[in-house]
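J.:
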Amino acid sequence: MHHRVESSKMNTLFMIALALPPVLPVSEVRPGQKGECLTVFQGDHVESFPFEVRGVMQNFLGPGRDLVLVRLGGDKAEFTGVVAGMSGSPCSIDGRLLGALAYAFAMFAKEPIAGITPMGGMLDVFTLPDEKRPWRVSAEAQSDWDTFRAGRATAREAAPGD
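Its first residue numbered 47, the sequence shown is counted upward by one per residue in the working numbering.
1. By how many angstroms is the C-alpha of A146 removed from the C-alpha of G166?
2. Considering only the beta carbon of each residue, do V92 and K80 sit closer than 9 Å?
3. Assuming contact is defined by CB atoms lying nearer than 9 Å, are P158 and R117 in contact in what I supplied?
4. Mind checking who K80 pairs with in its DSSP beta bridge?
5. With a 10 Å radius around its C-beta and 16 neighbouring C-beta atoms as the bar for buried, classify G161 as buried or exposed.
6. Please report how far the alpha carbon of P136 lies from the alpha carbon of P96, in whole angstroms.
7. Measuring straight from C-alpha to C-alpha, what distance separates Q188 and F125?
8. So I69 packs on V114, CB below 8 Å; how close in whole Å?
9. How big is the Cα-Cα spacing for F194 and L143?
10. Applying the criterion that 16 or more other CB atoms from any shown protein chain within 10 Å of the CB defines a buried residue, is T173 buried or exposed?
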């Protein structure tokens with residue numbers, strides 16, 4: 047029975063790894079790049095809207111924790127700007143996951159300027175040594191994460207045309 051559960055976990059992790067888009071490192075982000083975010087403005091309908099990178103604010107979130115500054119586009123995003131509930135909305139450039147919409151800036155009240163937390167920084171927290179983690183992770187959860195990452199790397203290597 048234990049082997050079936052482990053096999054089921056492995057299959058699930060492998061399928062998730064196949065479904066995840068590649069991540070765009072913040073080091074490759076340049077002003078003027080265009081991308082899109084996905085969010086729900088009303089009800090449960092997911093909509094996309096464009097953005098343009100204005101720049102990268104290095105160490106904005108702390109040492110080694112950058113923020114990508116963007117200008118949102120599209121009628122709805124330009125009207126609303128960043129509002130509560132949009133945090134965590136995925137944003138990508140050329141099919142590569144940049145990160146999650148995370149910040150609005152009061153100083154840009156008339157402009158739909160937003161901050162995107164880079165995905166790479168979010169994933170990096172799982173590589174911190176145990177003593178530096180701000181939370182405790184069980185050995186089983188860490189093992190699941192390591193298996194997931196290994197499966198994702200294997201899936202990328204096996205993906206045709208990449």
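We put the beta carbon where it would ideally sit given N, CA and C, even for glycine.
T.: Quick look at the numbers:
1. For this step, residue 166 is matched to residue 120 along the sequence shown. For this step, residue 146 is matched to residue 100 along the sequence shown. Between G166 and A146, the C-alpha separation is close to 11 Å.
2. Along the sequence shown, one-based indexing puts residue 92 at 46. Along the sequence shown, one-based indexing puts residue 80 at 34. Not closer than 9 Å, so no.
3. Position 112 of the sequence shown, counting from 1, holds the residue named residue 158. Position 71 of the sequence shown, counting from 1, holds the residue named residue 117. Against a cut-off of 9 Å, the Cβ pair of R117 and P158 comes out as a contact.
4. In the sequence shown, residue 80 corresponds to position 34, counting from 1. Note: K80 sits in a beta bridge opposite E98.
5. Residue mapping note: residue 161 aligns to position 115 of the sequence shown, counting from 1. Counting Cβ neighbours within 10 Å, G161 comes out buried, since at least 16 surround it.
6. Residue numbering aside, residue 136 sits at position 90 when the sequence shown is read from its first letter. Residue numbering aside, residue 96 sits at position 50 when the sequence shown is read from its first letter. Going by the C-alpha atoms only, they are around 12 Å apart.
7. Walking along the sequence shown from the start, residue 188 turns up at place 142. Walking along the sequence shown from the start, residue 125 turns up at place 79. Q188 and F125: Cα-Cα distance of roughly 42 Å.
8. For the purposes of this step, residue 69 is taken as residue 23 along the sequence shown, with counting starting at 1. For the purposes of this step, residue 114 is taken as residue 68 along the sequence shown, with counting starting at 1. It should be noted that the sequence gives Val, not Ile, for residue 69. Incorrect: roughly 13 Å between the Cβ atoms, too far for contact.
9. Position 148 of the sequence shown, counted from the first residue, corresponds to residue 194. Position 97 of the sequence shown, counted from the first residue, corresponds to residue 143. The alpha-carbon atoms of F194 and L143 are separated by roughly 17 Å.
10. To locate residue 173, count along the sequence shown from 1; it is residue 127. Exposed, by the Cβ-count rule.
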